[in-house]
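Quick note: the numbering used here has the sequence shown finishing at residue 272, numbered continuously throughout. Please read the structure below before turning to the comments.
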Amino acid sequence: MRWPWSRSDDDQKKSGLLQWAVPARSGNWSSTLYEPRTLIPAVALTVSTVAGVRLYKSYLRRIPTVNHIKPNYYRRKGVFGHVTSVGDADNFRLFHTPGGRIAGWGILPWKKVPTKREDLVRQTLHIRIAGVDAPELAHWGREAQPFAKEAHEWLISLIHNRRVRAYIYRRDQYDRIVAQVFVRKWFFKKDVGLEMLKAGLATVYEAKSGAEFGTAEDKYRAAEKKARENKVGMWAKPSFTQRLVGTSSKRLESPREYKNRHNAADKAKKTG
Numbered sequence: 001m002r003w004p005w006s007r008s009d010d011d012q013k014k015s016g017l018l019q020w021a022v023p024a025r026s027g028n029w030s031s032t033l034y035e036p037r038t039l040i041p042a043v044a045l046t047v048s049t050v051a052g053v054r055l056y057k058s059y060l061r062r063i064p065t066v067n068h069i070k071p072n073y074y075r076r077k078g079v080f081g082h083v084t085s086v087g088d089a090d091n092f093r094l095f096h097t098p099g100g101r102i103a104g105w106g107i108l109p110w111k112k113v114p115t116k117r118e119d120l121v122r123q124t125l126h127i128r129i130a131g132v133d134a135p136e137l138a139h140w141g142r143e144a145q146p147f148a149k150e151a152h153e154w155l156i157s158l159i160h161n162r163r164v165r166a167y168i169y170r171r172d173q174y175d176r177i178v179a180q181v182f183v184r185k186w187f188f189k190k191d192v193g194l195e196m197l198k199a200g201l202a203t204v205y206e207a208k209s210g211a212e213f214g215t216a217e218d219k220y221r222a223a224e225k226k227a228r229e230n231k232v233g234m235w236a237k238p239s240f241t242q243r244l245v246g247t248s249s250k251r252l253e254s255p256r257e258y259k260n261r262h263n264a265a266d267k268a269k270k271t272g
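Now the structure itself:
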């Protein structure tokens, strides 16, 4: 005879099944934490998270202005981006597009380079091409140098609205980034500063301080020397027609001499 409060055989069977279905819980949780089924996913998640953060900071973080460049970037890394404007014959504005098309720039709707001037405010890097000095355009009440217009137009035709890579050296006193700049033409990578020297539209940078060449100084000087010898660009002599109308061959004032002359005149005005 079964007691009223005793369990039936069916209840005992169900209890046994539950005991098999639910594993016994151990009071030592530390042993569970170090089991492969727990440890491996945790380690994989941690490693992938750390790697993702480092990848973003090193290669995918956009740098909007010079103030956002970390010290460890200078002389070690470069920036890739879209040239939005060319203000002078040896400097321009760059919208940083880290990762380029591989990262979706120009393809994804939220990764477009702005085209309106107001959208580019405080969003571009001011790049100064390293190692070269181009003729000065008219500004601050100063006259333009010969071949300044030609050099400016030449640089616009080469890099404006193009993607370039700038290997950054330092930040100058005007908050520009002094950098060696490369642009692709077909399958070849062109050094913009070197091409300017070859075209006779710039001189090697000759200031007493602040000159940056990387490893290209000898190559730059050789290019300028060859352009001088071949009478290319600013080194050209007046043509036959120009000589007929009285244009004489004058000694060329280099961009550095031009700046020194005007700086001396400005200083004399202040002291006088």
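Quick reminder that beta carbons are idealized off the backbone N, C-alpha and C, glycines included.
Would you identify the three-state DSSP class for residue i, choosing helix, strand or coil?
i: Lys190; result: strand
i: Asp266; result: helix
i: Val232; result: coil
i: Thr215; result: coil
i: Lys259; result: helix
i: Leu252; result: coil
i: Glu195; result: helix
i: Ile63; result: coil
i: Glu224; result: helix
How should residue i be labelled, buried or exposed, when 16 other C-beta atoms within 10 angstroms of its C-beta is the threshold for buried?
i: Lys250; result: exposed
i: Trp186; result: exposed
i: Gly81; result: buried
i: Val178; result: buried
i: His96; result: buried
i: Ile168; result: buried
i: Gln173; result: exposed
i: Ile40; result: exposed
i: Gly210; result: exposed
i: Trp105; result: buried
i: Trp154; result: buried
i: Val47; result: exposed
i: Thr84; result: buried
i: Val43; result: exposed
i: Leu60; result: exposed
i: Asp133; result: buried
i: His282; result: Here the chain covers residues 1 to 272 and nothing more, so residue 282 does not appear.
i: Pro255; result: buried
i: Phe188; result: exposed
i: Ile107; result: exposed
i: Pro135; result: buried
i: Ala223; result: buried
i: Ala166; result: buried
Taking the DSSP output, what are the residues bridged to residue i?
i: Thr203; result: Asp133
Margin query: For the pair the segment 133-149 and the segment 86-101, tell me if three or more CB-CB distances fall below 8 Å.
Written below: yes
- Entirely within the segment 66-113 and at least 3 residues each: give me those beta strand (DSSP E) ranges in chain order. As far as the segment 66-113 is concerned, its whole beta strand (DSSP E) runs of at least 3 residues are 78-88, 91-96.
Curious, which full-length beta strand (DSSP E) runs of at least 3 residues does the segment 116-191 contain?
If only complete runs of 3 or more residues are kept, the segment 116-191 shows the beta strand (DSSP E) at 125-129, 163-171, 177-185, 188-191, in order along the chain.
**Report entry** Validate contact between the segment 220-236 and the segment 195-210 using beta carbons, cut 8 Å, 3 pairs
**Finding:** In short, these stretches touch, since the Cβ pair count reaches three.
Within the chosen definition, does the segment 72-79 reach the segment 106-113 through at least 3 CB pairs nearer than 8 Å? Too few Cβ pairs lie closer than 8 Å, so no.
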